[in-house]
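Chains as they are written, first to last, in the numbering used here: chain B, 1 to 335; chain V, 1001 to 1335.
Beta carbons are placed, not taken as given, at the ideal position from N, Cα and C, and that holds for glycine.
First the structure, in the form of structure tokens, and then the observations on it.
Protein chains: 2
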Amino acid sequence: MKRQVTIKDIARKLGVSISTVSRALKDHPDISVKTREAVKELASILGYKPNMIALNLKHSRTNTIGVLVPEVEHYFFSSVLNGVEEVAYKNDFSVMVFQSNESYMREVLITQNFLTNRVDGVLASFSKNTHDFTHFKKIIENEIPMVFFDRERGELHADSVIVDDYSGAYQAVSHLISKGCKRIAFYSAPRHLVLGKNRLEGYKAALEDNGITYSPDMVYSCDTFDEAEKISRSILKKHDRPDAIFAVNDLTAIGAMKVAKKLGLRVPDDIRLVGFENSRSSWICEPELTTVDQFGFELGKEATGLLLSRIKLNTFDYEVERRMMKTQIVVRGTT
Amino acid sequence: MKRQVTIKDIARKLGVSISTVSRALKDHPDISVKTREAVKELASILGYKPNMIALNLKHSRTNTIGVLVPEVEHYFFSSVLNGVEEVAYKNDFSVMVFQSNESYMREVLITQNFLTNRVDGVLASFSKNTHDFTHFKKIIENEIPMVFFDRERGELHADSVIVDDYSGAYQAVSHLISKGCKRIAFYSAPRHLVLGKNRLEGYKAALEDNGITYSPDMVYSCDTFDEAEKISRSILKKHDRPDAIFAVNDLTAIGAMKVAKKLGLRVPDDIRLVGFENSRSSWICEPELTTVDQFGFELGKEATGLLLSRIKLNTFDYEVERRMMKTQIVVRGTT
DNA sequence: ACGGCCCATCTAACCGGTTACCGAAATTTA
DNA sequence: TAAATTTCGGTAACCGGTTAGATGGGCCGT
């Protein structure tokens, strides 16, 4: 492959030393205007581009942040990514995105990659199957700033930016109750995810604040379209079927809706549904889905801003922060 | 921040030279077993990780490929990305993903970033608003291998891996004709994209092969949900409205379907629809959308494999290749 | 006892920049 | 006019590895 133009080439052609070229290019006052102009002109003629790798080695920074995300295919994560890019980009940082595909093994390899590639900081949303966090601990041992987003893990020295799951769930369930629903099922994420716990708390609180007793029988572990299709079939056939379903994400709600319609239930008359995400899908399905907007784009911007501020701190000795993003219920046809 | 362990640290503690450590770590035969074992043991105790940046500088490679994509939010592109990661990953390459958001300006900046970050190769799908290709020429001038995917540009020294748009469109339109459709509208991508041209040709050919005369009045420039909602309103109200719509992607087809249903048309009895993508959305809408599967995952794998083979060639003197990915029509409820 | 040879390791240059420090010429000052 | 001070640019170390070639001690044969 073609060798790139270096300052050495410029120095040789101009008969000056490489340090002069280096200084001239960055407007160092030690260099005379004449020399500086000559260097700059030749540099642009030759198409000189500084070698980032050499700079990175010198400064031991890469100006790169690593992002670990379960799947970019999910609307929420892709919108987070947009926010991340926006901020990173404005601050001259590059972004390396890796998907765990909800696989723990893959996640471990990705974090190792972060270490060997010497990213300056890490944004991470770990997989649903991650119960062991030693791979993240290694990143922290290396004093690489890390911000968890959406899914958090309190005990590590890492900031987190999360969705206000509690209040999102509370809003959603309160809304359903205001529509007259009494038997509200909750299709929930696995319990070990903090978001699962918090949404459950919000669900419970909304029920209890409205005089409805909480029953664990109404909570199902189900957070994908396919699972929703499967379990809804039996749930919705029962004589004491729920009159509303609050689902942990839009696709799950839509899966349930599909089954409901197939069973001849009318939406929203016989059964009301609320999702969580405000994804594209939520206005593609019919009727359009009432859902809780998670503001992924803003979350991405927030998390990246926080991470960059940590990187700029240049010390690992800071108080860990936990930021919560507001949610907003979007009322549509399914309620 | 914490300084990473280097071979220098190991050398000092062991009282040997850094070259000995370097060689010991890579099982060089010059080093005695005793020394080698000692070095390796200390390395693992100290948690030594080779500094990729230094290696990159030495070898002037980064083991990184840059990916330029319009928007990861689109199902097709996110599935391509999955394929890219899969292959890159197996070959110990990292992937840097950048979204142009269909902005030409952004795209130019991203390609500059590829140059300064010294990626070893580029996978690119340019934006709809790109008419000037000098930014790609710069990459090629630097002899960085490039593979265009999905959207190609013939005149540059770059391979391309594209969807067989012609046959995909031909299949889709033939299918509609076999269902008895006579007036088939085509919601098309901008003409300057090769994929737009090829699908139009496939559309024309399918019509003509079945004795239907092609009429330019049936071709509309429309490739988003919003545009489809807007233009379909008037198109579907006309007394000589089409009896089928073939759309350039799923969301456009779904936008049209939504309007059709609002106008009281029955799908598929009054109007049939075919999309292009086989996205998640295509089985969320109702009825489920007949669509042409583009096999994004396979396309991503193919393009990355080709790119990596070019990188490994280690010369820029190769014949440019153009690979076409087969498509497959998926028949569902809208036809 | 000495030249030759092998083995294990070290020295130093290199990748492409940055930058502290040094030195010679030009200019100012006494 | 000699000394002091700028001005301008060069030298060399450094970032963390790799690697060709040098070095030096031990063992061999004659």
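Using beta-carbon distances, Ala-54 (chain B) counts as an interface residue toward chain V, with a partner under 8 Å. In this chain, the alpha helix (DSSP H) harbouring Ser-232 (chain B) covers 225–237.
Look at Leu-263 (chain B) here: in three-state DSSP terms it is coil, with no helix or strand label. Look at Gln-1328 (chain V) here: in three-state DSSP terms it is strand.
For the region 21–51 of chain B, the set of positions with a beta-carbon nearer than 9 Å to some beta-carbon of chain V reads Gly-47, Lys-49, Pro-50 and Asn-51 in chain order. About 7 Å separates the CB atoms of Phe-93 (chain B) and Thr-64 (chain B); that is less than 8 Å, so the two are in contact. For the pair Ser-188 (chain B) and Ser-232 (chain B), the CB atoms are not nearer than the 8 Å cut-off.
The region 316–334 of chain B and the region 153–169 of chain B touch, with three or more beta-carbon pairs separated by less than 8 Å. The C-beta of Val-1039 (chain V) has 16 or more other C-beta atoms within 10 Å across all chains shown, which makes the residue buried.
Chain V places no beta carbon closer than 8 Å to that of Lys-8 (chain B), leaving this residue out of the contacts. When Cβ-Cβ separations below 8 Å define contact, Tyr-1170 (chain V) makes no contact with chain B. Separation of Glu-208 (chain B) and Gly-202 (chain B) (C-alpha to C-alpha, rounded to the nearest whole angstrom) is 10 Å.
Neighbours of Glu-1201 (chain V) in chain B, taken as residues whose beta carbon is under 9 Å from its own, are absent, since the nearest beta carbon is some 30 Å off. Against chain B, the beta carbon of Phe-1316 (chain V) has neighbours under 9 Å at Met-1 and Lys-2, listed in chain order.
Going by DSSP, Asp-1009 (chain V) is part of the alpha helix (DSSP H) stretching over 1007–1014.
Remark: three or more beta-carbon pairs, one from each stretch, lie closer than 8 Å, so the region 78–96 of chain B and the region 293–305 of chain B are flagged as touching.
Excluding the 5 residues flanking it on each side, Thr-1224 (chain V) has same chain C-beta neighbours closer than 8 Å at Leu-1251, Thr-1252 and Gly-1255, in chain order.
In the three-state reduction of the DSSP assignment, Gly-1047 (chain V) falls in the coil class. Spatial neighbours of Leu-1042 (chain V) in its own chain (CB-CB distance under 7 Å, excluding positions within 5 residues in sequence) are listed in chain order as Ile-1010, Lys-1013 and Leu-1014. Distance from the CA of Phe-1077 (chain V) to the CA of Ser-60 (chain B), rounded to the nearest whole angstrom, comes to 34 Å. Annotation for Lys-326 (chain B): Asp-164, Ser-167 and Phe-295 place their beta carbon closer than 8 Å to its own, counting only its chain and skipping 5 residues before and after.
When V:Tyr-1104, V:Thr-1315 and V:Ile-1284 are compared, the shortest CA-CA separation from Thr-1334 (chain V) is found for V:Ile-1284. Here the C-alpha atom of Val-122 (chain B) lies approximately 33 Å from the C-alpha atom of Asp-1027 (chain V). Interface with chain B (8 Å Cβ-Cβ cutoff): Gln-1294 (chain V) is excluded. A distance of 8 Å or more separates the beta carbons of Ala-124 (chain B) and Leu-195 (chain B). The beta carbon of Gly-66 (chain B) is closer than 6 Å to those of Met-96, Phe-114, Val-119 and Val-122 in its chain, skipping five residues each way along the sequence. Of all residues in the region 1283–1309 of chain V, only Ile-1284, Cys-1285 and Glu-1286 come within less than 8 Å of chain B when Cβ atoms are compared, listed by chain position. Distance from Thr-1116 (chain V) to Lys-230 (chain B) at the Cβ level is roughly 50 Å; contact not present, criterion being Cβ atoms closer than 8 Å.
Of the candidates B:Ile-139, B:Lys-182 and B:Asn-198, B:Lys-182 places its Cα closest to the Cα of Tyr-214 (chain B). When C-alpha distances from Ala-1206 (chain V) are compared across V:Val-1173, V:Asp-1226, V:Val-1005 and V:Thr-1130, the shortest belongs to V:Val-1173. Per DSSP, Ile-245 (chain B) is one residue of the beta strand (DSSP E) stretching across 244–247. Annotation note: the region 1152–1215 of chain V contains the following uninterrupted alpha helix (DSSP H) runs of length 4 or greater, listed N- to C-terminal: 1165–1178 and 1194–1209. Within 10 angstroms of the beta-carbon of Met-146 (chain B) lie 16 or more other beta-carbons, which makes it buried. Annotation: the continuous alpha helix (DSSP H) that includes Gly-1305 (chain V) extends over 1296–1313.
Interface with chain V (8 Å Cβ-Cβ cutoff): Thr-116 (chain B) is included. DSSP links Ala-124 (chain B) through a beta bridge to B:Leu-68 and B:Phe-148.
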